[in-house]
Structures are given as structure tokens and as C-alpha cells.
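Shown next, in C-alpha cells, is the structure this report addresses.
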Amino acid sequence: MPIRVTAHETAADKTGFPGILKGLGTTIRHLLHNITHLKDLPTILYPEQRRNYSERFRGRHVLKVRDDGTLKCVACFMCQTACPANCIDIVAGEHPNIAYEKHPSQFNIDMLRCVFCGYCVDACPKDAIIMTRDYEMAMFSRGESSYSIEDLRQRLPLRQIDLGYRPYYGENPTKMDSLPYAGKDAGTKAAG
Amino acid sequence: MATREAILEKIQGRFADRVTAQDNKDLATILVTPENLVEVARYFRDEPELACDLLLDLCGVDYPGRSLRFETVTHLYSTKKNHRVRVKVRLPEENPHQPTLSQIWPAVDWFERECFDLMGIRFDGHRNLKRILCHDGFQGHALRKDYDAGQRWQCVPGNIQVPEQILGQGEIRDHFETQVLNLGPSHPATHGTLRIVVRLDGEIIVGSECEIGYLHRCFEKMSEAHFYNQVIPYTDRLNYCSPMLNGIGYARAVEEMIGADVPLRARRIRVILGELSRIMDHMVCIGTNLVDIGALTNFWYFFQPREEIYGVLEACCGSRLTNSYVRIGGLSADVPKNFVEEVRKLLVSIPKHIDDVDRLITQNKIFKSRTVGVGKATAEQAVAWGFTGPCLRASGVPFDVRKASPYDGYDQFDWDVPYATDGDTYSRYLVRMEEMRQSLKIIKQALGDLPPGPVITGDWRVALPPKERVYNEMEPLIWHFKLIYEGIKVPAGEHYSMSEGGNGELGFYIVSDGSGHPHRIKVRPPCFPLFQAFPALANGAMVSDAIAILGSLNIIAGELDR
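Structure follows, in C-alpha cells:
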């Protein structure tokens, strides 16, 4: 049913005073509330305080490694095909270890082109590319925007990485079960 | 509401073999020759049983290889009868032209300019057939299939468009000369890159002209170069105040074409997050509108709940604004476990903020004197200009796509379409305020009725198979590869799908040739006709009123320019 909306203007409202007094009351109430609840202020003092993002946050990519330190990526070009921004550039090569057959000899992601949609993570059939919660990637020149294998390679054990968007599967779904909602003071973890 | 068959029968009874009915499942489709177009169009508008008073969209489609290469497609809607019609005209490759429809529907003006700009179809009798989205130095017509998307046409000072209609008239009123003022393209009150050139007589606007295209990002051309699934991140950037709604609208269009079975849980989550996005959209609109006319506090009061909504969206999909949460066939991931409690918290906190702004503003004398009677559009004018959404409802036409042609189960919820009758800036504010409350009502019901189950269809031709199976089994891996390398195969045909965006009817007209790439995607952006009518609303008003009107129309440049 359509309902008609109107503002009911009383005789008193016509003078303009009730509206202004009500408005003043609202702002004063907010002022008093904020003064007495300084800890609950909605603003964040970045960069001292940081927003707590969820574990689905789509930040900088990481190429996962196997236990022996080689990249899990098999250069199948799935992420490059799925990427809507054409920011991934892979050159496939033969792996020195015959058991792994194929690996990327080059794997570049142009962070200025990347739209952080997470399609590469969805597309990877090897769980080789995941995202972190690192979103501070400012750079001084365009040349630095292209991240190579060495910039992307996983350097720390997974549990020490500030993990973001990644496939959710298996028996141990980690914290993705119940996500933290945006708030303040996220625990700081190494990113990479 | 006339059925598809009844409309076709009616039109064929009148025009016999001068029109051809096409067998389309979504809408009644009529094929007309350019010679008969105006007569048929007038009949559609004036015949009481058809009464197609609202022109939704006009676009061109290129079919290389056909003897009549181009096709213009017009979508009409009847606000009185609630039915839709598609009128198509086929045009030859050599000098494609057809008569303009702007005598019948004023709203078609910019749509025809866009069609001329991007497809190179001329409209005889059009008052101002110039490029609209591309700059004047642009060569060729970008949406033609033989146009290489990689070409660059630099805009040099010489080919910046001159708004002739405004600059050309150097008339003198009283004994003062009128003067020209630029609002935009980079102006704090435009909230985006729009250029409005106004001719002022003192403080009164005596003429104005809008120029758009500064944020044109070739959404439609880029869509043609991508797979259906890859378009979703692009849709987030259409109306960036409510990105979820665009994604939902697009995914629905493709789902309807392939007949995908979207699980109920996914539909409900789409409704919940979509309505939250609508609330955000209205909050930004009202908040910035009030900032422009000098009431800054409300902006802060509305930004706090907006941040909280962003928190929920981020927890669901991993990004606050560029969600990309929707997938064709459902959603990319299930919501987190504490989703329901978090949204319930929002349901408690958002009304408080709405009430705060209500108390501050609704009966504020300054606000009322700035907005009541400013930027008036009567119901007839609003329909003629192609308004939809809150701006149309504020003019007294209670047309809401969610009610008129329900989708995603909107008909199962108890809610009302708010409308006002004055059609001024104040009414648009009132309608938006009430719509936020109605959205909360919908969210509450959808939350109470959130079934368990999957959030994406199990059809591997449409959605990626579950990850644990891709890693361990051969067949899901094959489907995974096929879907990513070949895309979703959408059956050949055309389809128009509409949903209620933040600003009105968001339509997606998709033409598929059966491959993984769309042949043509046309977005019907609700802002486009709204901004088109801006000169008519602003003429006669003060500059400060123009700012108030502009804010209340809620022009989002990302959606306007695509």
C-alpha cells in the first residue's frame, strides 16, 4: 500500500521555535553523551588506532609456499584469466625439481591496476594465492607498483601472517567462522 | 496490467503489418520501421489501454553482419497500467538515422544523444545532437563492434565542448547584463564531476545547461570484453553510494537469462544487505544535501550508522565499498555466524540516528524555507522527464519496482511505498526519510525469515564448485577450469531486468550471443534522466536553490557517466 508522507506542522511549529529548540536539544544531548563517554567516540585516531577488519578483508596478495619453500603456484593462468582488471602477469617456466614440473618464472601483480575483488583467490585451484589484511601500499613511483614474486612470496609461517580473504574449506576453518566486526585496535601482525 | 499477448494484439490490430511482433519471453517486443516509429510511439503513449507514459531507456545495439546492422531499443513503462513494452527499430549500416522521440517523451533527449555518441545513430529533429559521454575530439563511435577499445583520443583544449545554448544567448534583462557561471566540474556541491553552466540574472538562474561524461569509464564497452562474472566488480563502481544494489541488479539480470536457481538464503541476504545499502544511499543523499544548504551536523549523525553498515558489509565480503559480494547464482560466501545479531544491533541503532535528524531538520524553519516549493516537479512532468525512484514518488506517483514487479521475495514482506504530492525538495527529503524506515521494516522481516542452506547455486555451469572438491577431485576441477576460461554460457537472446536502486529503477538490458561474453550490456542509470531535468527544475531559482535541488536529486557521477 502506498502511504503518503507529510510533515505535520502544528501551529507552534509555524513560529519556528519548537523546531530550533528540539534541534538544539538533540545536539546538546549528543555533546553531553560524547563528553561523558569519551571512550566510545566513533572516530579513530589513525594511524595510532586502527580499524579492526574482518578476516575476509581483501588486501595485499601473498603467494603461498610449500613446506620446502617453493611456490605452490603451478602457473595455470587461472588467476590471470579471472582477473577483471588484467593486473596479473605470469610467465610460466619449468621447475628445477622435476616433481613440481611447472612454476611461474615471473608473477607480477600491478597494485595500481588491482581492484582487490578477490577473483584470483576464488580462481586458484591450488590454494596458492591468498590475500592479507595489509592495505597500506603507498609508493613513490609507478614503477614500484608492480609487485614481483619476491614481493609477493610468503615469508612467514601462515599463523604469523595477518590473513585476509582466502578460500574457506576443510576441517579447521580458523577464525572465519565468526568475523570480528569493524572496531578499533586490531592486533597488529606481520603482513607477509 | 495488460499481458504481453494483449499488448501485441492491440498494437497489431491497430497497425496490422506495419509492425512486427517478436517472440520475446521477458517483454512485449515490437519491431517498427523508422517511418512508422513516431506514429507507433504516439499510439503507445496516448492509447488509454497502453498508456506508456514513462520512457525508461533508449539504446543502440550493433549486430555486425546483419543487413540492417544497427538496432535501437526503447523500453517503455506505463505507470498507470504497470506493464512494459520494448520497441525496436532496425537501421542500415550506411547513415543510420531515425526520427527523434523527444516530442513524445522529453526524457529521451539525453538517451538519444548517448546513442548518437556511442553508436553513431542520428536522430532527425533532435534539438541538440552532440556527444554526451565522450569529448568532442573523440573519433568514431565507441560501442560499435568494430571499434577497438584500446584506442586513445586525447582531449585537447580545442575540443572541449562549449555549452552553446547558454553561452550563445547574450541577452540583456532590465538594464543589467546577465552573466555566465560555471558550477563544476569540480565543485564541492556537485559531489562528483558534473558541470553545470548557468546564466545568471543577478542571483536568479535564467538558463542552465548540464555537461556530463567526466567520469565516463566505458562500463559498457569493458563489459563486452569481459566474462559475465567479471562484470560484477565493475558494477560496484556504478552507484558507489549503494554498491550492493548494482551488483544485485546485474546478477539478477543474468540469472533470469540463464534461469539459474538462486537459493532462498542468498535471496534473503541480498534483500538484507541491499536494503542496508539503500539506507546508506539515502543517508548520503540527505546528509550531503543538508551540508550543501548549511546543516553540517546531520551529516555526522548519518555517517556513524553508515560506518556501522560498512562494517557489516566488510565482514560479509571483505571490502567496505567495492563489495563484489554478489555472484551470478548467489553470493560469494555465506555470511558470518554472528551476522544476524550484528544486523539486529543495526536495527536498533539506525532508527535513533534517523530520529535525531528528523528532530533536527523536519520542522526546522530555515530548512523548510530553503526547500519547500523549491525545485517543484508535478507528477506529469516527473513522468515525462523519466524520473523513477524517490524523486518520482515525491511527485506523487507511487511507483516502486519492488512493488510493481516484485523480485527476491519483496512481495512476501509487509511494507509500504511512501510518496508525497508536492514534488519539491522538501518532499524528496520526506520520502527518503520514510523509505529508510520502510527498509528497516523489510530487513527485520527478512532477518526473521533467514533460512539455513547454501548461498550459491549448485549448478557448476554457473557457479564455481566448492573449493575442497576442486582441490581433491577431477570433475569439479574440470568445471572450475571451464567456468573460468570460458565463462558462463548465457543463452542467446535479449533481456531487460529491473530492480530498485537507490535513485530509482536500475535496469540492465543484456544482449547475449550465446558466448561467455555479453554482446551488449546497457545500464539504465536512474540518475541520467534525473540530471537531464535539472535545468528545467533550476530555471527561475536562485543559485543557492539550485544547489539544494541538485543535492535532493542525488546525482551520482559514477552511475551517471558509467
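For the protein sequence lines, the chains are A and B, in the order given. For the record, in the first sequence the residue sitting at position 74 is 74 according to our numbering, with numbers rising by one throughout. For the record, in the second sequence the residue sitting at position 178 is 1178 according to our numbering, with numbers rising by one throughout. Ideal placement from N, C-alpha and C gives every residue a C-beta, glycine not left out. Note that the structure is a prediction, hence the values are computed from the model and not measured.
Whole-number beta carbon distance between residue j and residue i, since they are thought to touch under 8 Å
i: T1072 (chain B); j: V1089 (chain B); result: 5 Å
i: F1387 (chain B); j: T1079 (chain B); result: Rounded, the Cβ-Cβ distance is 10 Å, inconsistent with contact.
i: W1479 (chain B); j: P1465 (chain B); result: 5 Å
i: L112 (chain A); j: R159 (chain A); result: Not quite, the Cβ-Cβ distance comes to about 31 Å (not below 8 Å), so this is no contact.
i: V1417 (chain B); j: K1403 (chain B); result: 5 Å
i: V1401 (chain B); j: S1499 (chain B); result: 6 Å
i: S1349 (chain B); j: P1390 (chain B); result: At roughly 23 Å, the Cβ-Cβ gap does not stay under 8 Å, so S1349 (chain B) and P1390 (chain B) are not in contact.
With 16 other Cβ atoms within 10 Å as the buried cut-off, status of residue i
i: S105 (chain A); result: exposed
i: V1208 (chain B); result: Looking at the sequence itself, residue 1208 (chain B) is Ser, so the reference to Val does not match. Under this definition S1208 (chain B) is a buried residue.
i: S54 (chain A); result: buried
i: V1085 (chain B); result: buried
i: V1019 (chain B); result: buried
i: R1268 (chain B); result: buried
i: K1368 (chain B); result: buried
i: Y46 (chain A); result: exposed
i: L31 (chain A); result: exposed
i: G1330 (chain B); result: buried
i: T203 (chain A); result: Within the shown structure, residues of chain A are numbered from 1 to 192, placing residue 203 (chain A) beyond reach of any answer.
i: L156 (chain A); result: exposed
i: A1016 (chain B); result: exposed
i: N1554 (chain B); result: buried
i: P1476 (chain B); result: buried
i: F1299 (chain B); result: buried
i: M1436 (chain B); result: buried
i: M139 (chain A); result: exposed
i: A1546 (chain B); result: buried
i: R1393 (chain B); result: buried
i: R1199 (chain B); result: buried
i: I130 (chain A); result: buried
i: E9 (chain A); result: exposed
i: P1336 (chain B); result: buried
i: K1467 (chain B); result: buried
Interface partners of residue i on chain A, CB under 7 Å
i: S1319 (chain B); result: R58 and F116
i: T1297 (chain B); result: T27
i: P1398 (chain B); result: P2
Chain-ordered neighbours of residue i on chain A, where CB pairs are closer than 9 Å
i: D1364 (chain B); result: The sequence as given places Asn at residue 1364 (chain B); Asp does not occur at that position. Within 9 Å Cβ-Cβ: G16, G19, I20, K22 and G23.
i: Y1077 (chain B); result: Neighbours of Y1077 (chain B) on chain A: none; closest Cβ ~17 Å, over 9 Å.
i: T1322 (chain B); result: R58, V115, F116 and C117
Under 8 Å by beta carbon: chain B residues contacting residue i
i: T6 (chain A); result: A1420 and L1430
i: T26 (chain A); result: D1356, R1359 and L1360
i: K1 (chain A); result: The amino acid occupying residue 1 (chain A) in the given sequence is Met; Lys does not appear at that position. By Cβ distance, chain B contributes D1416 and V1417.
i: P104 (chain A); result: Near P104 (chain A) there are no residues of chain B at all, since even the closest Cβ is about 17 Å away, more than 8 Å.
i: D110 (chain A); result: The contacting residues do not exist; D110 (chain A) stays about 15 Å from chain B at best.
i: D89 (chain A); result: Near D89 (chain A) there are no residues of chain B at all, since even the closest Cβ is about 17 Å away, more than 8 Å.
i: D127 (chain A); result: K1467 and Y1471
Where residue i meets chain A, residues with beta-carbon distance less than 8 Å
i: I1484 (chain B); result: M78, T81, A82 and A123
i: D1304 (chain B); result: In the sequence as presented, Asp is not what sits at residue 1304 (chain B); that position holds Gln. The contacting residues are P42.
Neighbour list for residue i in chain B, Cβ cutoff strictly below 9 Å
i: E9 (chain A); result: Q1363 and K1368
Residues that residue i contacts on chain B, provided the C-beta gap is smaller than 7 Å
i: D13 (chain A); result: Q1363
Cβ-based contacts, 8 Å cut-off: residues of the region 1459–1482 of chain B near chain A
L1464, P1466, K1467, E1468, V1470, Y1471, L1477, H1480 and F1481
Decide yes or no for the touch test of the region 1314–1329 of chain B against the region 1369–1377 of chain B: beta carbon pairs closer than 8 Å, at least 3 of them.
no
The region 1277–1289 of chain B touching the region 1516–1526 of chain B, judged by at least three CB pairs closer than 8 Å
no
Name, going along the chain, the residues of the region 1407–1419 of chain B whose beta-carbon falls closer than 8 Å to a beta-carbon of chain A.
D1416, V1417, P1418 and Y1419: these are the residues of the region 1407–1419 of chain B whose beta carbon lies less than 8 Å from some beta carbon of chain A, given in chain order.
Counting beta carbon pairs with one atom in the region 85–92 of chain A and one in the region 12–25 of chain A, are three or more of them shorter than 8 Å?
The answer is no - the region 85–92 of chain A does not touch the region 12–25 of chain A, with fewer than three Cβ pairs under 8 Å.
Decide if the region 1208–1220 of chain B is in contact with the region 1534–1550 of chain B; the criterion is three or more beta carbon pairs, one per stretch, under 8 Å apart.
yes
Sufficient close CB pairs (3 or more, under 8 Å) joining the region 1232–1251 of chain B to the region 1270–1281 of chain B:
The region 1232–1251 of chain B makes contact with the region 1270–1281 of chain B: 3 or more CB pairs, one atom from each, lie closer than 8 Å.
Is it a yes or a no for the region 1027–1034 of chain B touching the region 1049–1057 of chain B, going by three-plus beta-carbon pairs under 8 Å?
Flag = no, the region 1027–1034 of chain B and the region 1049–1057 of chain B do not touch.
Decide if the region 1411–1425 of chain B is in contact with the region 1355–1363 of chain B; the criterion is three or more beta carbon pairs, one per stretch, under 8 Å apart.
no
Which residues of the region 1220–1233 of chain B have a Cβ closer than 9 Å to any Cβ of chain A? Give them in chain order.
Those residues of the region 1220–1233 of chain B that come within reach of chain A (Cβ to Cβ, closer than 9 Å) are M1222, H1226, F1227, N1229, Q1230, V1231, I1232 and P1233.
Residues within the region 1431–1456 of chain B neighbouring chain A, beta-carbon criterion of under 7 Å:
V1431 and E1434
Could you list the residues in the region 135–168 of chain A with a C-beta less than 8 Å from some C-beta on chain B, going in chain order?
G164, Y165, P167 and Y168
With a threshold of 8 Å, are at least 3 pairs of Cβ atoms found where one atom belongs to the region 1230–1241 of chain B and the other to the region 1250–1264 of chain B?
yes
Spell out a yes or no on whether the region 1434–1441 of chain B and the region 1455–1462 of chain B are touching, meaning 3 or more CB-CB pairs, one atom from each, closer than 8 Å.
The answer is no - the region 1455–1462 of chain B does not touch the region 1434–1441 of chain B, with fewer than three Cβ pairs under 8 Å.
So, do the region 1109–1127 of chain B and the region 1141–1153 of chain B have three or more beta carbon pairs nearer to each other than 8 Å?
yes
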